[in-house]
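Engineer:
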Amino acid sequence: MTANGNDQFQALDSFLEDHLELPVKGKDGQIRTYRIEDPSAEDGIRIERITSLAARLAAGGTRPDKPILDDKEELDLYRMCLGAAYEPLKREVGWSAFKHVALTSMFWVTADKDTAAEFWRTGQQAGKAANRAARRAQAKPGTSESGAANTTQSPASTSGTRAGSRRRGGRSRGRSRT
């Protein structure tokens with residue numbers, strides 16, 4: 303029990319994660335673990351503002367007329383997300399790895415560690431729709447591509463009221479549909 307009698311709240315630092323540790327292969331082939339510290343409150347606010355603006359624009363479904371961030375602003379965003387790890391990463395890894403670490407850190411700052419881990423593992427934002435080919439593959443589990451091509455049904459038969467109709471059970475008799 304606390305001095306004021308209120309024991310409903312744990313100390314804030316007991317559940318917040320104050321850093322990420324990300325293993326990254328450098329240009330020299332060595333894997334190094336980079337520690338990404340929680341950004342300052344000021345940087346966290348700026349990161350939230352930038353990413354919220356981008357999310358609102360994306361949700362509108364229209365592509366902005368100009369980039370949301372110019373090159374300098376993008377690097378500033380990465381610098382805020384990476385903190386002290388920014389310079390060593392910039393020196394020791396290529397652009398793709400640098401950007402992946404920075405975006406993973408951004409997801410950690412703006413969402414949570416689970417979202418960051420999902421992005422780290424897949425390169426996709428958690429909850430983002432899979433690309434078209436992946437969605438198709440998931441839509442019919444266990445169905446091969448050749449099997450999927452044979453699922454076209456023949457046109458519906460007539461009710462039998464048309465004179466001279468021979469469609470009734472005719473052509474497809476004895477065939478199994480797959």
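The sequence shown maps to residues 303 to 480 in the working numbering.
Just so you know, even glycine gets a beta-carbon here, dropped at the ideal spot from N, CA and C.
#1: With DSSP run on the structure shown, which of helix, strand or coil describes Q312?
#2: Counting along the chain, where does the alpha helix (DSSP H) carrying K327 start and finish?
#3: From W410 to A343, what does the alpha carbon distance come to, in whole angstroms?
#4: Report the rounded CA-to-CA distance for G425 versus H321, giving the unit in angstroms.
#5: Can you give me the C-alpha to C-alpha distance between K374 and D367, rounded to a whole angstrom?
#6: Alpha helix (DSSP H) containing L391: first to last residue?
#7: For a quick check, are the C-beta atoms of A413 and I338 less than 8 Å apart?
Structural biologist: For this structure:
#1: coil
#2: Counting along the chain, K327 falls outside any alpha helix (DSSP H), though it belongs to the beta strand (DSSP E) covering 321-327.
#3: 14 Å
#4: 20 Å
#5: 18 Å
#6: 388-394
#7: no
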